[in-house]
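FYI, our numbering numbers position 61 of the sequence shown as 44, with every residue one higher than the one before it. What follows is one structure encoded as structure tokens, with my remarks underneath.
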Amino acid sequence: MVHAIQGHFPVRTRRRKDDESFEINLVPMIDCMLVLLIFFMVATTLKHMEKELPLELPESTAAIPKDAEDNLLVLAVDRSGKKYIGGSAVTKDDLIRTLDDAGKKPVKPRIRIDADRDTRYEDVIELVELCQFNSLRDIGLHTRADARPR
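Here it is as structure tokens:
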């Protein structure tokens, strides 16, 4: 039964039988949830991936395993003396500029130096001096745990 009021559209007063059974379709919601789940899984694994350099770290009996830190700047030098920041090769000018920027921050980052065991001592000292020149004093050397039994 449909009534029409003058100047208005007709209004339906009775429901049809198929309107009474209302169901929520869950398939689109499940699809969206799976897409979000895959997105976050990929995003979190990409965040923690660090480029691996072909370095053979020296052994130390005092080596302590450390978790990744937010305020950490990783510098590396390989056997040939080539410098890296966070796994990416850089020139000396880029290294100086990055350390200068880090030294000007109100909260100075921790510095971790990764050096191959066959790296010249002078190359490691050069990195340490560049850090100290830019007021970066919290410097650590990355080593691996001593594999020899005690």
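Positions of the beta carbon are idealized from the N, C-alpha and C atoms, including for glycine.
The beta carbon of Gly86 is closer than 7 Å to those of Asn117, Ser118 and Leu119 in its chain, skipping five residues each way along the sequence. Looking only at Ile79, Ser71 and Ile96, the smallest Cα-Cα distance to Leu113 is reached by Ile79. The region 60 to 73 makes contact with the region 98 to 109: 3 or more CB pairs, one atom from each, lie closer than 8 Å. C-alpha of Phe5 to C-alpha of Gly69: approximately 56 Å in a straight line. Membership of Gly86 in the alpha helix (DSSP H) is indicated by the continuous run Lys75 to Gly86. According to the DSSP assignment, Leu110 belongs to the alpha helix (DSSP H) that extends over Tyr104 to Phe116. In the structure shown, the three-state DSSP call for Ile94 is strand.
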